[in-house]
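Chains as they are written, first to last, in this note's numbering: chain A, 96 to 297; chain B, 96 to 297.
In what follows, a single structure is set out as structure tokens and then discussed.
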DNA sequence: AATTATTTACGACACAGTGTCGATAAAACA
DNA sequence: TGTTTTATCGACACTGTGTCGTAAATAATT
């Protein structure tokens, strides 16, 4: 995949790193919207014209940075997949690929954190809040006993709420080919029973 | 909650509506980033100065529009909750609140669609892709038989992938207080068994 | 119907940020 | 070493912003 360990000019590497670092640190402080190219180059102690030697604009910087970090993730996952090809999918035993996923993300934690939560889509954030409330309430009514849960309560809530939002988006993207009632039913079943009709480990 | 059915000047209502409509239609075409206030007022056939009589800037327009649509959703959900207070949480029967959720979203479909998928966070989109691949693959290996699934295959994949991403974000926001291995384990169990230790309907 | 209040239209303004250029200096490479 | 590549600097035209004051249009009030 990434077959380009070309001898890269140290000045270029330095410049790009300075720009990316400045970028992420500024996002933390002001948010993506408020940032200007001037801000970035100033923070990076570089000339503004230098920015345009490497990126077309602010979006391009974000995009390229994303691709870099992500290609590293993909390579890492692919490698792990190869070695764990005997891939046994057991409950109560984390699949190495997903452990790898979390490890990779932890490695670039600040970048992921900033890039994933640069609250640019207020509607998604607010929707998650609303859905979370109902999921949480439903979970409490349905199963007040923590010992009968497969995971931590807080995680379950977030897990389910995010899943709902994701499916809602999928539904919208697909032109809402299914009725609200059908969608709600599918989600209820998934949220309560999980994906498999009869839990093979019950 | 929304106790302000104040006689609102029809000109104001008209202007706001024109601006919001122009805004959403422009997002569909060019994406949020590329839109200028000029574009919006031009599309709305209004003077640019008029825009600033109602909104501080582009972000404010998005934010206010979001709050409007969302408060309608919340009111609607609250009403449904009241009437269905005998709230029986049965599998294979969609909870009225969640049916209501989908219905409300369908009512403002274009707005939700545009606002939720204005791909402003490339990392989230790419991550969903990557995770989706692995979930899909895992599902195929683990259960090739469609009849033993609780929901449509495609929905399960999207459901689970979104859930994973959501939990990852939650994990990052919380400062990564849990080990990658622990997180992977929790997610594996949720993804396979669902939230409850013993499915009470098995 | 006439008057008053509010909203919108219009043109103009200073300002901030953009993207590009040519020329110069500095650093890397071979 | 000399040659190539990269970063710096100042300047440029340009787009878009946010805010005026004034005049026109529209709604609300009497």
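Note that beta-carbon positions come from the ideal geometry of N, C-alpha and C, so glycine has one too.
If you're wondering where the values come from, they're calculated on a predicted model, not measured in any experiment.
Looking only at its own chain, which residues have a Cβ that is under 8 Å from the Cβ of residue i, when we skip the five neighbours before and after it?
i, result
"residue 152/B", "132"
"residue 108/A", "none"
"residue 227/A", "252, 253, 256"
"residue 209/B", "119, 122, 123"
"residue 130/B", "118, 121, 122, 153"
"residue 106/B", "none"
"residue 237/B", "287"
"residue 240/B", "none"
Under 8 Å, do residue i and residue j count as touching if we go by C-beta distance?
i, j, result
"residue 172/A", "residue 196/A", "yes"
"residue 256/B", "residue 223/B", "yes"
"residue 146/A", "residue 136/A", "yes"
"residue 118/A", "residue 156/A", "yes"
"residue 245/A", "residue 273/B", "no"
"residue 198/B", "residue 275/A", "yes"
"residue 278/A", "residue 266/A", "yes"
"residue 164/A", "residue 203/A", "yes"
"residue 289/B", "residue 287/A", "yes"
Measure the beta-carbon distance from residue i to residue j and round it to whole angstroms, keeping in mind my assumption that it falls under 8 Å.
i, j, result
"residue 189/B", "residue 158/A", "The Cβ separation is near 40 Å, so there is no contact."
"residue 281/B", "residue 250/A", "5 Å"
"residue 179/B", "residue 191/B", "4 Å"
"residue 248/A", "residue 234/A", "7 Å"
"residue 212/B", "residue 268/A", "6 Å"
"residue 121/B", "residue 134/B", "6 Å"
Tell me, which residues are paired with residue i by DSSP?
i, result
"residue 244/B", "291/A"
For residue i, I'd like the list of residues in its chain whose CB is within less than 6 Å of its CB, leaving aside the five on either flank, ordered along the chain.
i, result
"residue 169/A", "none"
"residue 271/A", "none"
"residue 175/B", "191, 192, 195"
"residue 115/A", "160"
"residue 225/B", "none"
"residue 139/B", "113, 114, 117"
Go through its chain and collect everything with a Cβ distance to residue i's Cβ below 7 Å, but skip five positions before and after it.
i, result
"residue 110/A", "141, 145, 149"
"residue 242/B", "none"
"residue 143/A", "132, 133, 136"
"residue 297/A", "Any reading at residue 297/A needs caution, since the residue's pLDDT is 42, under 50, leaving its predicted position unreliable; the model's value is listed next. Cβ within range, chain order: n/a, list empty."
What are the residues of the region 261-281 of chain A that lie near chain B, defined by any Cβ-Cβ distance shorter than 7 Å? Within the region 261-281 of chain A, contact with chain B at the beta-carbon level (separation under 7 Å) is assigned to 261, 262, 263, 264, 265, 267, 268, 271, 275, 276, 278, 279, 280, 281.
Can you give me, in chain order, the residues of the region 219-249 of chain B that have a beta carbon less than 7 Å from any beta carbon in chain A? Correct list: 219, 221, 225, 229, 233, 236, 237, 238, 243, 244, 245, 246, 247.
Contact list for the region 143-161 of chain A against chain B, Cβ threshold 8 Å: Answer in chain order: 154, 157, 158, 161.
Quick one, which residues of the region 109-126 of chain B are near chain A if we go by CB-CB under 7 Å, in chain order? Closer than 7 Å at the C-beta level to chain A, one finds no residue of the region 109-126 of chain B.
What residues in the region 162-176 of chain A have a beta carbon less than 9 Å from any beta carbon of chain B? Within the region 162-176 of chain A, the qualifying residues are 162, 164, 165, 168, 169, 172, 176.
Residues from the region 200-213 of chain B in contact with chain A, defined by Cβ distance under 8 Å: Correct list: 200, 201, 204, 207, 208, 210, 211, 212, 213.
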